[in-house]
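Undergrad: The structure is given below, and queries will be raised subsequently.
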Amino acid sequence: MTTQPPFQPPNASNNGYFSEAQNALEREQNLPLTGWQQEVQQGLEYGLEAAESIKDRTIPTFSRGELPHYAGINTFLKAPYLEDVRQVGQYDVAIVGVPHDCGTTYRPGTRFGPQGIRRISALYTPYNFELGVDLREQITLCDLGDIFTIPANNEKSFDQISKGIAHVFHSGAFPIILGGDHSIGFPTVRGICRHLGNKKVGIIHFDRHVDTQETDLDERMHTCPWFHATNIKNAPAKNLVQMGIGGWQVPRQGVKVCRERATNILTVTDITEMGLDAAANFAIERATDGTDCVWISFDIDCIDAGFVPGTGWPEPGGLLPREALYLLKKIVQNVPVCG
Numbered sequence: 001m002t003t004q005p006p007f008q009p010p011n012a013s014n015n016g017y018f019s020e021a022q023n024a025l026e027r028e029q030n031l032p033l034t035g036w037q038q039e040v041q042q043g044l045e046y047g048l049e050a051a052e053s054i055k056d057r058t059i060p061t062f063s064r065g066e067l068p069h070y071a072g073i074n075t076f077l078k079a080p081y082l083e084d085v086r087q088v089g090q091y092d093v094a095i096v097g098v099p100h101d102c103g104t105t106y107r108p109g110t111r112f113g114p115q116g117i118r119r120i121s122a123l124y125t126p127y128n129f130e131l132g133v134d135l136r137e138q139i140t141l142c143d144l145g146d147i148f149t150i151p152a153n154n155e156k157s158f159d160q161i162s163k164g165i166a167h168v169f170h171s172g173a174f175p176i177i178l179g180g181d182h183s184i185g186f187p188t189v190r191g192i193c194r195h196l197g198n199k200k201v202g203i204i205h206f207d208r209h210v211d212t213q214e215t216d217l218d219e220r221m222h223t224c225p226w227f228h229a230t231n232i233k234n235a236p237a238k239n240l241v242q243m244g245i246g247g248w249q250v251p252r253q254g255v256k257v258c259r260e261r262a263t264n265i266l267t268v269t270d271i272t273e274m275g276l277d278a279a280a281n282f283a284i285e286r287a288t289d290g291t292d293c294v295w296i297s298f299d300i301d302c303i304d305a306g307f308v309p310g311t312g313w314p315e316p317g318g319l320l321p322r323e324a325l326y327l328l329k330k331i332v333q334n335v336p337v338c339g
């Protein structure tokens, strides 16, 4: 009986090609374990040592960390919940939920988005194999909970959102916003701009829809954020890049605004034909031209509706998840992202 040798990923000796897998293996061994060890120790201190029958003595009686994935408090990646938002500046990154869907003109439900994202995030670990990063070891992350939005009142909700995001940004923490319908794009950018002074921000917008109408159904809805955001002096329309636009749900009023304000649009066909690297470079070049930072807004409906049928405005022909993740990676590696 013969035995197969263990699998060896391609490496530098294989025609000079150093694979992503080999690179990931090398990077993992250089990551510290301090954060993990602190989590285990804190779990034992706060959650009691396990019953005597448990052989793994890193396990507490009460779940107080990443494991098990089906248990624990519902925060993003089980990050610590920060009740006193005045202390957010002590963290590198802050998760902010915006449970607002009064700006939708079709299917509601995204007010439950922040909690849904937090719930599914429990399935994942802070470590990513290909990237060779472990968030637990390399950044401090907190979850601020949700901004108190006002049902049935977009403008009051927008005021709440802008104030909350301005506070987080001014504190020095990096804000990651969980929506919510896309009407929140305007108040989030407005919150950032309140502390930019004379600096400017570019916007990279992933979507199947342009979202540049002035109003929709007589209000500032999810189809309108970039009309109003690019009215702010700190967010020029020439630095708005819109990726994945297309299909049968793009209002002509919004297209007219894009043409008049000379925004930068790439359809899914543009992206696939020019290639992902070229598309990312286009977005980077246009969004950073004369700006100091870049805001990324990602509408889930930019992904093909076969993958995200529950979105408010499903449109076939969008990006594959793999394509969107690649574009995001290339962009964030090469621009000063502010949120």
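The opening position of the sequence shown corresponds to residue 1 in the numbering used here, with each subsequent residue numbered one higher.
Each residue gets a CB set at the ideal place from its N, CA and C atoms; glycine is no exception.
Are the CB atoms of D92 and L141 within a distance shorter than 8 Å?
TA: yes
Undergrad: With DSSP as the reference, please indicate the residues paired to M343 in a beta bridge.
TA: In this structure the chain extends from 1 to 339, so residue 343 is not present and cannot be described.
Undergrad: When burial is assigned at 16 or more other CB atoms within 10 Å of the CB, is A278 buried or exposed?
TA: exposed
Undergrad: Just verifying my parser: in three-state terms, what is the DSSP assignment at W295?
TA: When secondary structure is reduced to three states using DSSP, W295 falls in the strand class.
Undergrad: DSSP on I232, reduced to helix/strand/coil?
TA: coil
Undergrad: If you draw a straight line from the alpha carbon of F227 to that of R252, how long is it in whole angstroms?
TA: Roughly 14 Å between the two C-alpha positions.
Undergrad: Count the other CB atoms, across all protein chains shown, that sit within 10 Å of the CB of I120; report buried if there are 16 or more and exposed otherwise.
TA: exposed
Undergrad: Roughly how many whole angstroms lie between the Cα atoms of G180 and D216?
TA: 17 Å
Undergrad: Report the option in D56, Y127, G202 whose CA atom is closest to the CA atom of L77.
TA: Y127
Undergrad: Is it true that the CB of A324 sits closer than 8 Å to the CB of I303?
TA: yes
Undergrad: How should K55 be labelled, buried or exposed, when 16 other C-beta atoms within 10 angstroms of its C-beta is the threshold for buried?
TA: That one is exposed.
Undergrad: Please state whether the Cβ-Cβ distance between I331 and I204 is less than 8 Å.
TA: yes
Undergrad: Going by other Cβ atoms of all chains shown within 10 Å of its Cβ, with 16 needed for buried, is P80 buried or exposed?
TA: Classification for P80: exposed.
Undergrad: Going by DSSP in three states, L320 sits in which element: helix, strand or coil?
TA: coil
Undergrad: Write down every uninterrupted run of the alpha helix (DSSP H) in the stretch 107 to 165 whose length is 4 residues or greater and which is fully enclosed by it, in chain order.
TA: 113 to 121, 135 to 138
Undergrad: From the DSSP output, read off the bridge partner residues of D304.
TA: For D304, which the question treats as bridged, DSSP gives no partner whatsoever.
Undergrad: Over what stretch of residues does the beta strand (DSSP E) that includes G35 continue unbroken?
TA: G35 -> not in any beta strand (DSSP E); alpha helix (DSSP H) instead, spanning 34 to 47.
Undergrad: Taking only the alpha-carbon atoms, compute the straight-line gap between Q213 and V201 and give it to the nearest angstrom.
TA: 20 Å
Undergrad: If you run the structure through DSSP and keep just helix, strand and coil, what is L178?
TA: strand
Undergrad: Could you tell me the distance, in whole angstroms, from the CA atom of L48 to the CA atom of W36?
TA: Those two C-alpha atoms are separated by around 17 Å.
Undergrad: Cα separation between P316 and G306?
TA: 7 Å
Undergrad: Exposed or buried, W248, counting other C-beta atoms within 10 Å across all chains shown (16 or more means buried)?
TA: Result: exposed.
Undergrad: So for K330, helix, strand or coil by DSSP?
TA: helix
Undergrad: What are the start and end residues of the beta strand (DSSP E) that includes A50?
TA: Counting along the chain, A50 falls outside any beta strand (DSSP E), and DSSP gives it neither H nor E.
Undergrad: For L276, which of G318, L327, A287 has the nearest alpha-carbon?
TA: L327
Undergrad: Spell out a yes or no on whether the stretch 160 to 176 and the stretch 106 to 119 are touching, meaning 3 or more CB-CB pairs, one atom from each, closer than 8 Å.
TA: no
Undergrad: Under the three-state reduction of DSSP, which class applies to P60: helix, strand or coil?
TA: Three-state result, P60: strand.
Undergrad: Which residue comes first and which comes last in the alpha helix (DSSP H) that contains V368?
TA: The structure shown does not extend to residue 368, since the chain is modelled only from 1 through 339, so no value can be given for it.
Undergrad: If you follow the alpha helix (DSSP H) that I340 is part of, which residue opens it and which one closes it?
TA: The first residue shown for the chain is 1 and the last is 339, placing residue 340 beyond what the model contains.
Undergrad: In three-state DSSP terms, what is I192?
TA: helix
Undergrad: Have a look at the DSSP bridge pairing and note the partners of E28.
TA: Looking at the DSSP assignment, E28 forms no beta bridge with any residue, so it has no partner.
Undergrad: Return helix, strand or coil for T20, following the three-state DSSP convention.
TA: In the sequence as presented, Thr is not what sits at residue 20; that position holds Glu. DSSP places E20 in helix when its eight states are reduced to three.
Undergrad: From what residue to what residue does the beta strand (DSSP E) around I184 run?
TA: Looking at the DSSP string, I184 is not in any beta strand (DSSP E), and its letter there is neither H nor E.
Undergrad: Measuring only the C-alpha atoms, how far is N23 from D134?
TA: Cα to Cα, the separation comes out at about 15 Å.
Undergrad: Could you tell me the boundaries of the beta strand (DSSP E) in which G97 lies?
TA: G97 -> beta strand (DSSP E) spans 93 to 98.
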